[in-house]
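The listed protein sequences correspond, in order, to chains E and G.
Quick note: the first sequence uses the working numbering, first residue 1, plus one each step.
Quick note: the second sequence uses the working numbering, first residue 1001, plus one each step.
In this text, a Cβ means the ideal position worked out from N, Cα and C, and glycines have one as well.
First up is the structure itself, then whatever we jot down about it.
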Amino acid sequence: MSESEPNPMDIDYVSNLARIELSEKEKEKFRGQLGDVLKYFEKLQEVDVEGVEPTAHAFPRYNVWDKDTAKKPFSVDLALQNAPKSRNEQILVPKVVED
Amino acid sequence: MSSSALVEKTAFDLSHLLANKEVSSVEIAQACLSQIDRVDEQVHAFLHRDDQDFLAQARASDERREKGNSLGPLDGIPVALKDVISVKGQPLTAASKILQNYISPYDATVTKKLKDAGAVIGGRLNLDEFAMGSSTENSAYGPTRNPWDLNCVPGGSSGGSSAAVAAREAPLTLGSDTGGSIRQPASLCGVVGMKPTYGMVSRYGLAAFASSLDQIGPFSKTVEDTALLLEIISGHDPLDSTSFPTEIPSYSSAINQSLKPCVLGLPKEYFGEGMDDEVRNAVNLAVEFYRNQGHEIVEVSLPTTDLAVPVYYVIATAEASSNLARYDGIRYTTRSDRAQNAIDVYAKSRGEGFGEEVKRRCILGAYGLSSGYYDAYYLRAQKTRTLIREDFNRVFKEVDAILTPTAPTPAFKFGEKSDDPISMYLSDIYTISTNLAGLPAISVPCGFTKGNLPIGLQLIGRAFEESSLLSIAHAYDREHKFGCVTPSLVKE
């Protein structure tokens, strides 16, 4: 990637990574808009971050443990109440293995 | 007391009226419901109501009080929640079509804390879909309108939460703030809104947008009410591993102790170009007020200010693209009827279920995290985030709070920024840095434009020093109470 001119985003490739189907109209619109946003992001390439540690959390906490005690989980009915398709107390999905 | 007089009361006043048995919780709840009936067709702050459940909670509160078992100052006070905070048995849509049928199977920790305090929880408040936006125009169920001018946006993403307080539909509401989503709508609607320090309020049961930035916080008419609500919802929660173990003092007592002279910093980068003149004048008057009260005003510098928006949009979209992967059409979302195979279920369900801005951000986030771009975008943004934190750490060695406008302009018109993502993103320019640094910040109403639109003042405090920040904010708010001015559109 060059420093000044970012690669235009390959919208087909990235929308597939994000697992979001886009219409042709959306692709066209996003291509322009996201191109502008990426240009705006270029500001970051000028920052001197040599030797700077990244921040993932403002106040990081490490090794947060929970007591190893059994808790009452959701009932099957409650766990499945929002599933779009279910059968025999299980979530129904399309077949994922090849014949 | 008349219904219209009740809805203009602060939670603090309602609490006293309840304690003195001058009013019942059911009367307060009915007053809110009749106000919603009267104005919400225009304002559209609410996505869902459950009046029966709402009144049943109010009746239960009255019964407790009758028996002398009141649970405290919030017992019997209505609180409405942004539609990203789980309430068991109630819908949660996040203003998205993909969650249109979702019913929460459990309570968020804040919901549980409110229930334990006796609060009467009712209504689901509108927002930008998944809290992505600054105008509430991104709601799949139609925008909320600003009670001060129905042609203007209420701000966002918690626009329903701010508009409901401004329209006197609820005395207290909760929202969530990832880059200004509490403070900016509070500013645009003329109410108080606060984002606590990251880790003060549990995120358990909040539909996640950007986990390292999201915080739940209160909306109210006054700083005093915000203090009251904040002390109930704060505190360590083992169910949120980022929740911080720290003592929660009584904020509502703390703010009424006499305030020692403070040093307030004005960041020169915030007072530059792009700020509306009327906003500048109102904020300058607030600065004068503090100076006249004996506080010291100093200019400070936050040189990384112009990097905050790009850093935020790299980090927030990256976290969002990962967080929103859970809306997959499998377990608890709508599923596309066109889906033939597993990949289809994901891509088509998300393509149909997500709105435009959510798609845009998930794609942008996936790009920033993708192979070949991770170092240039995500990692570099995280390193720059460190520089932004260091800026604030340095300034807070000299000052007790930082004073800025909350938003560069008053409420803007519908459609004005909706097709220009960058211009919309810049409406959060004064609020975004504090999320990146994890700091607490509050928006307090500080006057009106000539066109009668509210203006907000932002105060940013040191991490975990909410008492001090609220005290400084209360010193101003107690003398001005701009949040107690009712918009004429919603008056009876």
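Asked, Found
"Endpoints, alpha helix (DSSP H) assigned at GLU1278/G", "1277-1292"
"Amino acids of chain E, ordered along the chain, whose beta-carbon sits closer than 7 Å to that of SER1321/G", "ALA18"
"Test item: CB-CB of ALA1045/G and LEU1006/G under 8 Å", "no"
"Proximal chain E residues relative to ILE1103/G, where beta-carbon distance stays under 7 Å", "GLN81, ASN82"
"Host alpha helix (DSSP H) of LEU1071/G (start-end)", "Note, LEU1071/G: premise wrong, no alpha helix (DSSP H); not H, not E."
"Any 3 or more C-beta pairs closer than 8 Å across the segment 1420-1439 of chain G and the segment 1381-1398 of chain G", "yes"
"Residues of its chain near ALA1411/G, where Cβ-Cβ distance is below 8 Å and the 5 sequence neighbours each way are ignored", "ASN1146, TRP1148, ASP1149, CYS1152, VAL1153, PRO1154, GLY1155, LEU1188, CYS1189, LEU1453, PRO1454"
"For PHE1244/G and MET1200/G, believed in contact at Cβ under 8 Å, the rounded distance", "7 Å"
"Beta-carbon proximity list for ARG1462/G, same chain, < 6 Å, skipping 5 on both sides", "PHE1396"
"Check whether ALA1166/G and LEU1127/G have beta carbons under 8 Å apart", "no"
"PRO1091/G: contacting residues in chain E (beta-carbon distance under 7 Å)", "Neighbours of PRO1091/G on chain E: none; closest Cβ ~10 Å, over 7 Å."
"Inter-stretch contact at 8 Å, needing at least 3 Cβ pairs: the segment 1220-1232 of chain G / the segment 1002-1018 of chain G", "yes"
"Which listed residue (TYR1476/G, GLN1042/G, GLY1415/G) has its alpha carbon closest to that of CYS1262/G", "TYR1476/G"
"Within-8 Å CB hit, GLN33/E to chain G", "yes"
"Which of helix, strand or coil DSSP assigns to ILE1330/G", "coil"
"Nearest candidate by alpha-carbon position, reference ALA1058/G, set GLY1368/G, VAL1043/G, LEU1033/G, ASP1306/G", "LEU1033/G"
"Within chain G, the residues that ARG61/E reaches when beta carbons sit closer than 9 Å", "GLY1199, SER1241, THR1242, SER1243, PHE1244, PRO1245"
"Contact with chain G by THR55/E, beta-carbon distance below 8 Å", "yes"
"Beta-carbon proximity check, ASN1202/G vs ASP1177/G, cutoff 8 Å", "Position check: residue 1202/G holds Ser in this sequence, whereas Asn was assumed. No, Cβ-Cβ distance for SER1202/G and ASP1177/G is not below 8 Å."
"Beta-carbon spacing of ASP1428/G, GLY1180/G below 8 Å", "yes"
"Touch test, the segment 1365-1372 of chain G against the segment 1328-1335 of chain G, Cβ-Cβ under 8 Å, three pairs minimum", "no"
"Contained alpha helix (DSSP H) runs [length at least 4] in the segment 1122-1206 of chain G, N- to C-terminal order", "1159-1166, 1183-1189"
"Segments assigned alpha helix (DSSP H), at least 4 residues, entirely inside the segment 39-80 of chain E", "76-80"
"Spatially closest choice to ALA1407/G from ASP1375/G, SER1234/G, PHE1271/G, by CA coordinates", "PHE1271/G"
"Residue from LYS1082/G, ASN1341/G, VAL1345/G, PRO1303/G whose Cα sits closest to the Cα of GLU98/E", "ASN1341/G"
"Selected residue, minimal CA-CA separation from SER1086/G, among GLN1100/G, GLY1175/G, ALA1080/G, TYR1106/G", "TYR1106/G"
"PRO1421/G in three-state terms, based on DSSP", "helix"
"Neighbour list for VAL1314/G in chain E, Cβ cutoff strictly below 9 Å", "PHE41, LEU44"
"Contact under 8 Å by Cβ, GLY1456/G with PRO1405/G", "yes"
"Collapsed DSSP secondary structure at ILE1460/G in the structure displayed", "strand"
"Environment of LEU1264/G [buried if 16+ CB atoms lie within 10 Å]", "buried"
"Backbone CA spacing between LEU1047/G and GLN45/E [nearest angstrom]", "42 Å"
"Beta-carbon proximity list for GLY32/E, same chain, < 8 Å, skipping 5 on both sides", "none"
"Length of the line joining the Cα atoms of PRO84/E and SER1162/G", "33 Å"
"Whole-angstrom distance between LEU1125/G and GLU50/E, CA atom to CA atom", "44 Å"
"Beta carbon proximity, ASP105/E to chain G, threshold 8 Å", "In this structure chain E extends from 1 to 99, so residue 105/E is not present and cannot be described."
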